[in-house]
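Under our numbering, the first residue of the sequence shown is numbered 136, with each subsequent residue one higher.
Ideal Cβ placement from N, Cα and C applies to all residues, glycine included.
Source: prediction; values computed, not measured.
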Amino acid sequence: MTANPIYVALDTDSAERASALAQQLRAHVGGLKVGLEFVSANGPQGVRAIVASGVPVFLDVKLHDIPNTVAGAMKSLAPLGAAIVNVHASGGAAMMKAAVAAAACVTNRPKIIAVTVLTSLEAADLAAMGVAGSPLEQVVRLAKLAKESGIDGVVCSPQEIGAVRAACGRDFLIVTPGVRPAGGDLGDQKRVMTPSEALKAGADLLVIGRPITGAADPAEAARKIAAELGMN
Ligand code: C5P
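Encoded structure:
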């Protein structure tokens with residue numbers, strides 16, 4: 136059986152809630168994602184507590200600074216034991232190379248993946264920032280740059296999976312948020328795919344938050360999605 140691709144987004148600043156969810160969900164998911172909200176509130180100890188649940192952790196901190204500073208941050212983050220840490224591809228090749236090199240301060244370094252274009256940005260926002268071309272063109276351009284810089288993969292929206300897979304090949308990790316079970320509440324996500332559609336399009340890992348964390352029984356919600364994907 137292939138590994139469970141579901142990474143649950145624990146979008147909370149509460150260490151107690153995150154730990155409770157981690158315990159409920161650990162048997163039904165492939166990983167847990169914590170982001171800036173959680174890390175800002177709970178720091179390295181909070182991250183270590185989630186890592187201690189025994190499930191792979193994606194540390195969604197989206198580092199973006201000069202190479203020296205990103206390397207310094209990565210040297211502090213890599214030993215926390217996360218399986219995946221991310222940076223912004225728009226920080227440039229030197230920054231991405233510095234992040235990967237710094238992560239190797241631990242044996243069995245975390246995978247380093249890059250955010251291409253935030254899905255909150257539309258074509259008009261990119262134009263206002265002086266970026267020519269469509270969001271999709273920019274995503275593919277940054278994904279290729281990330282790959283050339285030694286980055287292990289990217290975060291991209293479901294609509295971008297095919298183009299990134301075609302440009303970057305099979306061995307490049309594609310992590311996709313904006314995933315909703317068929318018939319599920321979309322929340323503020325606009326362009327969604329179901330879990331099986333996203334996998335068929337070429338995603339490796341699916342970041343799913345509210346459809347699981349907001350369910351009356353989060354473990355059951357996760358189990359159902361995993362079952363739909365042919366897991367367990
Ligand atoms: O609750 P939901 O399934 O929408 O959560 C998706 C998670 O993925 C959230 O943590 C959100 O911040 C994150 N994310 C996203 N779109 C991106 C990058 C990250 O929804 N482009």
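Q.
Taking the alpha-carbon of SER154 as reference, which of ARG183, MET230, LEU171 has the nearest alpha-carbon?
A. Counted from its first residue, the sequence shown places residue 154 at position 19. Comparing Cα positions, the closest option is ARG183.
Q. Applying the criterion that 16 or more other CB atoms from any shown protein chain within 10 Å of the CB defines a buried residue, is SER211 buried or exposed?
A. As a working mapping, residue 211 is identified with position 76 in the sequence shown. Burial call: exposed.
Q: Could you name the residues that DSSP lists as bridge partners for LYS325?
A: Start at 1 with the first residue of the sequence shown, and residue 325 comes out as number 190. LYS325 pairs with nothing; no bridge assigned.
Q: Could you tell me how far apart the beta carbons of GLY138 and VAL342 are, in whole angstroms, since I believe they sit closer than 8 Å?
A: Translated into the one-based positions of the sequence shown, residue 138 becomes position 3. Translated into the one-based positions of the sequence shown, residue 342 becomes position 207. In the sequence as presented, Gly is not what sits at residue 138; that position holds Ala. At roughly 15 Å, the Cβ-Cβ gap does not stay under 8 Å, so ALA138 and VAL342 are not in contact.
Q. Does at least one heavy atom of the ligand C5P sit under 7 Å from the Cβ of ALA281?
A. What you label residue 281 is simply residue 146 of the sequence shown in a count that begins at 1. No - the ligand C5P has no heavy atom lying nearer than 7 Å to the Cβ of ALA281.
Q. Near ALA234, what residues of its chain come up, given a Cβ to Cβ distance below 6 Å and the 5 sequence neighbours on each side ignored?
A. Here residue 234 corresponds to residue number 99 of the sequence shown, with the count starting at 1. Same-chain partners within the cutoff: VAL205, MET209, VAL222, ILE247.
Q | Between the CA atoms of ARG152 and GLN180 - distance to the nearest angstrom | A | The residue you call residue 180 lines up with position 45 of the sequence shown. The residue you call residue 152 lines up with position 17 of the sequence shown. The straight-line gap separating the alpha-carbon atoms of GLN180 and ARG152 is approximately 15 Å.
(Q) If you reduce the DSSP assignment to three classes, tell me which class THR311 lands in. (A) For the purposes of this step, residue 311 is identified with residue 176 of the sequence shown, where counting begins at 1. It is a strand residue.
Q) If you follow the alpha helix (DSSP H) that ALA333 is part of, which residue opens it and which one closes it? A) Counting from one through the sequence shown, the residue named residue 333 turns up at place 198. ALA333: member of the alpha helix (DSSP H) spanning 330-336, first to last residue.
Q. In chain order, what residues of the same chain have a beta carbon less than 6 Å from the beta carbon of ALA249, not counting five sequence neighbours either side?
A. As a first step, residue 249 must be located in the sequence shown, where it is residue number 114. Answer for ALA249: VAL222, ALA224, ALA281, ILE286, VAL289, listed in chain order.
Q) Is the beta carbon of LEU340 sitting closer than 8 Å to the one on VAL299? A) Residue 340 sits at position 205 when you count from the first residue of the sequence shown. Residue 299 sits at position 164 when you count from the first residue of the sequence shown. For LEU340 and VAL299, no; Cβs fall outside 8 Å.
Q | CA-to-CA distance, GLY337 to ARG305, given in whole angstroms | A | For the purposes of this step, residue 305 is taken as residue 170 along the sequence shown, with counting starting at 1. For the purposes of this step, residue 337 is taken as residue 202 along the sequence shown, with counting starting at 1. Cα to Cα, ARG305 sits roughly 9 Å from GLY337.
Q: Spatial neighbours of LYS168 within its chain, please: CB distance less than 7 Å, with the 5 preceding and 5 following residues excluded, ordered by chain position.
A: The sequence position of residue 168 within the sequence shown is 33, counting from 1. Closer than 7 Å at the Cβ level, and outside the excluded window around LYS168, lie TYR142, VAL143, ALA144, LEU145, PHE193, ASP195, VAL342.
Q) Quick one, are the C-beta atoms of SER269 and ALA278 less than 8 Å apart? A) Within the sequence shown, the letter at position 134 stands for residue 269. Within the sequence shown, the letter at position 143 stands for residue 278. No, the Cβ-Cβ distance between SER269 and ALA278 is not below 8 Å.
Q | Nearest neighbour of ASP323, chosen from ARG161, PRO346, ALA350, GLU272 [CA to CA] | A | Counting from one through the sequence shown, the residue named residue 323 turns up at place 188. Closest by alpha carbon: PRO346.
Q) Buried or exposed: ALA333, going by 16 or more other Cβ atoms within 10 Å of its Cβ? A) In the sequence shown, counting from the first residue as 1, residue 333 sits at position 198. Buried, by the Cβ-count rule.
Q: Starting from the Cα of ASP320, find the closest Cα among THR254, GLY297, ALA356, LEU308 and give me that residue.
A: Your numbering for residue 320 matches position 185 in the sequence shown. The option with the nearest alpha carbon to ASP320 is ALA356.
Q. In or out: GLY349 buried (at least 16 other Cβ within 10 Å) or exposed?
A. Position 214 of the sequence shown, counted from the start, is the residue given in the question as residue 349. Looking at its Cβ environment, which holds fewer than 16 other Cβ atoms inside 10 Å, GLY349 is exposed.
Q: In angstroms with no decimal places, state the Cα-to-Cα distance between ARG358 and HIS163.
A: Counting from 1 along the sequence shown, the entry for residue 358 is found at position 223. Counting from 1 along the sequence shown, the entry for residue 163 is found at position 28. Distance between the alpha carbons of ARG358 and HIS163: 5 Å.
(Q) Here's a check: name, in chain order, each residue in its chain whose Cβ is nearer than 7 Å to the Cβ of LEU271, leaving out the five neighbours to either side. (A) As a position in the sequence shown, residue 271 is number 136, starting the count at 1. The residues are GLU295, ALA298.
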